[in-house]
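Chemist: So the mapping is simple: the working numbering equals the position in the sequence shown, first residue as 1, plus 7. Every residue gets a Cβ at the ideal spot worked out from N, C-alpha and C, and that includes glycine. Source: prediction; values computed, not measured. Before anything else, here's the structure in question.
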Amino acid sequence: MNKVAFSFFVVFVLSSTKILGQSITMGGIFPTIDHSGNINQKFDYGLYYFVALPLFNFKNPSISKDAYFNLLYLEQSFTYKKSEKLSFTGSYLYQRSNVTTSNFVNENRIYIQSKYKHTFNKSRISHRFRFDGRFIQNRNTNTYPFTNRLRYQLGFEKQITDKAYVSGYEELFFSTTKNTMPIYNENWAYLGFGRKLNERNNIELGVLYVTWNIGKNTWFNQYYLQFSWVNHINFSK
Numbered sequence: 008m009n010k011v012a013f014s015f016f017v018v019f020v021l022s023s024t025k026i027l028g029q030s031i032t033m034g035g036i037f038p039t040i041d042h043s044g045n046i047n048q049k050f051d052y053g054l055y056y057f058v059a060l061p062l063f064n065f066k067n068p069s070i071s072k073d074a075y076f077n078l079l080y081l082e083q084s085f086t087y088k089k090s091e092k093l094s095f096t097g098s099y100l101y102q103r104s105n106v107t108t109s110n111f112v113n114e115n116r117i118y119i120q121s122k123y124k125h126t127f128n129k130s131r132i133s134h135r136f137r138f139d140g141r142f143i144q145n146r147n148t149n150t151y152p153f154t155n156r157l158r159y160q161l162g163f164e165k166q167i168t169d170k171a172y173v174s175g176y177e178e179l180f181f182s183t184t185k186n187t188m189p190i191y192n193e194n195w196a197y198l199g200f201g202r203k204l205n206e207r208n209n210i211e212l213g214v215l216y217v218t219w220n221i222g223k224n225t226w227f228n229q230y231y232l233q234f235s236w237v238n239h240i241n242f243s244k
């Protein structure tokens, strides 16, 4: 593991342990489909789908009592590539939380983002800035008030062999809605390994840490085993 990968590992550990032992801490699985395609030399599309399934509470594990369907996430996006290093993306996505329970919440979301990529110490580094426009269901009024937030993600990918690689990211979430507290209210961190199966398909396995501020300095900490099918098709050939 080179210096970049080691640095991300340290950040991942620090991020995921800074509030360990406080609040609620769950463990589970995170199946993911990550499909993308080249439409032509300038435009790409993407489909990113996942489900989040917490299975047990670290303090008092009981799968029969703790397991539930936390999130369903369906994202569709189009990307304009300004250059090899810089791209701009727009997206619509649907998210449902507490998916199978009576207190489910639906969300319709749009986002715009910019992404800049470069190399450092033989690793591929990415910087992603995203603005989320969120329409989250209010179950009491059955309305969808508009809120927004900014996100910054620092990511890396390092080739280990011709077919194997290590990757990771750290993403911070900041509310930009007026009179919303706290401003910093969410964090995602990932570290995993991938393997190229063929020209179109990769598989990835890693640990994903997600934490949400749920009020009164209480955090909902989630550790997932994330396994992903990554598929890419080049229609421009």
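1. Helix or strand or just coil, what does DSSP make of S71?
2. If you draw a straight line from the alpha carbon of I240 to that of N147, how long is it in whole angstroms?
3. Would you mind reading off the limits of the beta strand (DSSP E) that contains N45?
4. Among E82, S182, I119 and Q229, which residue has its Cα nearest to the Cα of I31?
5. Between P189, Y151 and H42, which has its C-alpha nearest N113's C-alpha?
6. Could you give the uninterrupted runs of the alpha helix (DSSP H) lying entirely in the region 49–124, keeping only those of 4 residues or more?
7. Three or more beta-carbon pairs under 8 Å between the region 163–173 and the region 188–203, yes or no?
8. Take the Cβ of N149 as the centre, count every other Cβ of all protein chains shown within 10 Å, and call the residue buried at 16 or more, exposed below.
9. Flag this pair as yes or no: are the beta carbons of Y52 and E82 separated by less than 8 Å?
Modeler: Considering the structure as presented:
1. As a first step, residue 71 is located in the sequence shown; it is residue number 64 there, counting from the start. Helix, per DSSP.
2. Working through the sequence shown from its first residue, we reach residue 240 at position 233. Working through the sequence shown from its first residue, we reach residue 147 at position 140. In a straight line, the C-alpha of I240 is about 44 Å away from that of N147.
3. Counting from one through the sequence shown, the residue named residue 45 turns up at place 38. Here the beta strand (DSSP E) through N45 covers I31 to N45.
4. By 1-based counting over the sequence shown, the position of residue 31 is 24. Comparing Cα-Cα distances from I31 to each of E82, S182, I119 and Q229, the minimum goes to Q229.
5. The residue labelled residue 113 in the question sits at position 106 within the sequence shown. Taking only the C-alpha atoms, the option nearest N113 is Y151.
6. 70–73
7. yes
8. The count along the sequence shown starts at 1 and reaches residue 149 at position 142. N149 comes out exposed.
9. As a position in the sequence shown, residue 52 is number 45, starting the count at 1. As a position in the sequence shown, residue 82 is number 75, starting the count at 1. Their beta carbons are not under 8 Å apart, which means Y52 does not touch E82 by this criterion.
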